[in-house]
Amino acid sequence: MKNCPKKIGSMATYHSKATPFLCGLAAAILAANLSPTHALAQAPAPSVQANTDHDIRNIAKACKQGDPMFIETDTREYQIYLGQTLRVDYAVYIEASRGQVYYDVVEPDFKFWYSIEGTTPRSSYVSIENKSYQKEPFATYYITPSKAGLLPLPRLFVRIPFLDDKPWITSSPKFIEVIPPPQPMPAHYAIANVGDFQIESKISATQTRVGQTLVLYFTITANTSSNGIAPGPNQLNKLEANFKSMGLVRDKISEKADDSGVHTTIQYHIQLIPLTAGTYTLPPLSIVTFHPAKHKYITVSSAPIQVTIDPSNIVESIPQNDISLAAFKDDVIRPIHLIRSDPYPNNLWIYVFIPPLILISIIFTASFRDKRKKRAAKDARRREMKKLEDAFLSATNSQVQLRCLRELAKIIFNVETRVCHDDVIAQFKVIIKKEHQDVAFSILQKLMINSASSHIPLTAKEAIDMLSVLRHY
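For the sequence shown, our numbering assigns the number 254 to the initial residue and increments by one for each residue that follows.
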């Protein structure tokens, strides 16, 4: 409540285990601290503790119109059916001359009622018996009785802050006559199904194959609370020969209340697995209700849905008289069909991405091995050239030097160049005979430097060019 800074809570608050001494002490301290009038700018008044709810009921005085402060409990009907929702408005009236004050409130105790709180209207000024009052709506409740009989309407208790004795006041007691729906009641009628109901249905697919799951959805809407609402027997049991049912499951309940009343939505679903091919009409979901305005029972049903079940190659290929396979029809063959009939299997990415990755890894590995092999060959060739060079420099015999030159020529002029090595060897022989060993070594050293710096063997053209240079010496 806007002008109520402190709500004591429901009546259960006064059933606490506090001792009478402590409760009386708290009440005495509160009575001493409360001033006759509390403006809105002041701090909220402390909570009031009472011994029991019976204390409040005993000391509370029934108020009436014309008092400085009184409570109004407004209901539009005093006779309802069991399961019917009733609207109750609670409002506190304060003399306008008092201004806005703080006051303590004990909320209604809905002992025999199922309650839903609605929207609270704004405060307003009204004139009653030539007096101006400020009307402070406390709350609007939509309540549903839990049993038949003469039930008391829950009352609101308010403490007047601007009187010296600060008395508790309450509205005059009111009773609601709750009567059961008339006899005879239809079979499968639920007591709570009172009001206007609608059922909508939809299905996940209107055409499928044998073994693939269908999901049937139902939505029940009503202008009453959801307490006890139950649909009638499931007529889908009639299709047990052609469908395997997983049972009706309640998914969600939604309750909302506004000025127009209560709006309840209940959602259900049921899973169906087709067992045989064909075209079937799924029976509706029905609920037996009692319309309070028309005073008669009404059966509300959803619209029937037609589905087409195509045959499954695996299931339909089983001979009807094959007893050995009949036992596995539901448990083995149908799940296998569900897996193989999926046009886009879940493991499709394995067949799309794994083969290219394997191919790339093979190519990369082969390339890495080839590069490593070539690098090892180059290193071995350089070590061999260094070894032959040292042998050539340290040799005193021309035959040894010639042999070293010949081996160096084989390394420098790679076999892959297809260069005839005999010409090279012959030229070296001539140079050695003419005692031009220093010139031969200088040329050979140039060949080695060029080959080593380029990190690749000399090409055929380069080898021929070097031979032409040798011929000039």
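Quick reminder that beta carbons are idealized off the backbone N, C-alpha and C, glycines included. Just so we're clear, the structure is a prediction, and the values are computed from it rather than from any experiment.
- In the three-state DSSP reduction, Arg329 falls in the coil class, being neither helix nor strand.
- Residue state for Thr423 is assigned as strand, using DSSP reduced to three classes.
- Contact check between the segment 430-447 and the segment 341-356: fewer than three CB pairs, one atom from each, fall below 8 Å, which does not count as touching.
- According to the DSSP assignment, Leu404 belongs to the beta strand (DSSP E) that extends over Gly402 to Pro405.
- In the structure shown, the three-state DSSP call for Arg412 is strand.
- Between Gln332 and Ile381, the CB-CB gap reaches or exceeds 7 Å.
- In the DSSP assignment, the residues bridged to Lys388 are Tyr346 and Ser377.
- When the Cα atoms are used, Ile615 and Leu601 turn out to be separated by approximately 22 Å.
- Look at Ser457 here: in three-state DSSP terms it is coil, with no helix or strand label.
- Rounded to whole angstroms, the gap between the alpha carbons of Lys509 and Tyr367 is 14 Å.
- Where Glu382 is concerned, there is no enclosing alpha helix (DSSP H), because DSSP gives it neither an H nor an E.
- Annotation note: the segment 458-533 contains the following uninterrupted beta strand (DSSP E) runs of length 3 or greater, listed N- to C-terminal: 460-462, 467-475, 496-511 and 514-527.
- Comparing C-alpha distances from Gly500 to each of Val468, Ile369 and Arg375 shows the shortest one belongs to Val468.
- For the set Asn446, Asp320, Ile432 and Pro405, the Cα lying nearest the Cα of Leu416 is the one of Asp320.
- Counting the other CB atoms within 10 Å of its CB gives Asn446 a total of 16 or more, which places it among the buried residues.
- Between the segment 428-439 and the segment 539-557, the count of C-beta pairs closer than 8 Å reaches three or more; the two stretches touch.
- Under the 8 Å Cβ criterion, the segment 511-518 counts as touching the segment 475-484, having at least three qualifying pairs.
- Counting along the chain, Glu637 sits inside the alpha helix (DSSP H) bounded by residues Leu601 to Ser647.
- Per the DSSP secondary-structure output, Ala315 pairs in a beta bridge with Thr423.
- Sequence-distant partners of Asp449 (beyond 5 residues in either direction) whose C-beta falls short of 6 Å from its own C-beta, in its chain, are Asn476.
- Contact between Ser539 and Ser554 holds, with the beta-carbon distance rounding to 4 Å and staying under 8 Å.
- Across the set Phe391, Arg636, Thr542 and His522, the C-alpha of Phe391 shows the shortest separation from the C-alpha of Tyr356.
- For Ile540, the enclosing beta strand (DSSP E) has its first and last residue at Ser539 to His544.
- Residues of the same chain with their beta carbon placed closer than 6 Å to that of Ser350 are lacking, with the five preceding and five following residues left out of the count.
- By the CB criterion at 7 Å, Tyr394 and Glu370 fall inside the cutoff.
- When DSSP states are grouped into helix, strand and coil, Glu660 belongs to the helix group.
- Rounded to the nearest whole angstrom, the C-alpha separation of Thr466 and Glu493 is 15 Å.
- For Ile432, the enclosing beta strand (DSSP E) covers residues Phe428 to Ile432.
- Under the DSSP definition of a beta bridge, Lys364 lacks any partner.
- Take the alpha-carbon of Ser507 and the one of Thr372: they are about 16 Å apart.
- Taken atom to atom, the span from the alpha-carbon of Lys624 to that of Thr618 is near 10 Å.
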